[in-house]
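Right, one structure below, let's go through it.
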Amino acid sequence: MSVESLFDHYYQRATTPIRNTKFGREQRGSLDIRHVVEDDEFRHMTHKIILRDGVAFCVWREQEWGLAENSLDVTHFADGIV
Numbered sequence: 000m001s002v003e004s005l006f007d008h009y010y011q012r013a014t015t016p017i018r019n020t021k022f023g024r025e026q027r028g029s030l031d032i033r034h035v036v037e038d039d040e041f042r043h044m045t046h047k048i049i050l051r052d053g054v055a056f057c058v059w060r061e062q063e064w065g066l067a068e069n070s071l072d073v074t075h076f077a078d079g080i081v
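Numbering (numbering that gives the first Met the number 0), first residue to last: 0 to 81.
Here it is, written out as structure tokens:
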């Protein structure tokens, strides 16, 4: 399974109204920007997934654990490869 397929499946799951999520999607030229915020009352996660011309470009992930503990991860892709 390609990274792009994983992103598609994640976004599709996030938009299913089972969990407490907020989401959005916008197209800016060749960029497909997907934004997902998940809040399960234990942690608060924010994802920004960016594809350029349908190929993985960047993923930004921030997680708030409570008690002022956060983690941040940014992954950049070159031609869809980390």
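Just so you know, even glycine gets a beta-carbon here, dropped at the ideal spot from N, CA and C.
Predicted model, so just to flag it, every value in this text is computed and none were measured.
{"Check": "C-alpha distance - Met44 paired with Phe22, whole-angstrom precision", "Outcome": "12 Å"}
{"Check": "Under the three-state DSSP convention, the category Ser4 falls into", "Outcome": "helix"}
{"Check": "Arg12 (DSSP reduced to helix, strand or coil)", "Outcome": "helix"}
{"Check": "Unbroken beta strand (DSSP E) run spanning Gly65, endpoints", "Outcome": "54 to 65"}
{"Check": "Identity of the residue in Arg24, Glu68, Arg27, Ile17 nearest Phe88 by Cα", "Outcome": "It is not possible to answer for residue 88, since the shown part of the chain is limited to 0 through 81."}
{"Check": "Proximity winner among Ile80, Met0, Asp39, relative to Trp64 (alpha-carbon distances)", "Outcome": "Asp39"}
{"Check": "Alpha-carbon spacing of Gln11 relative to Gly53, whole angstroms", "Outcome": "16 Å"}
{"Check": "Cut-off 6 Å between Cβ atoms - residues of its own chain near Ala13, not counting five sequence neighbours on either side", "Outcome": "Thr20, Phe22, Val35"}
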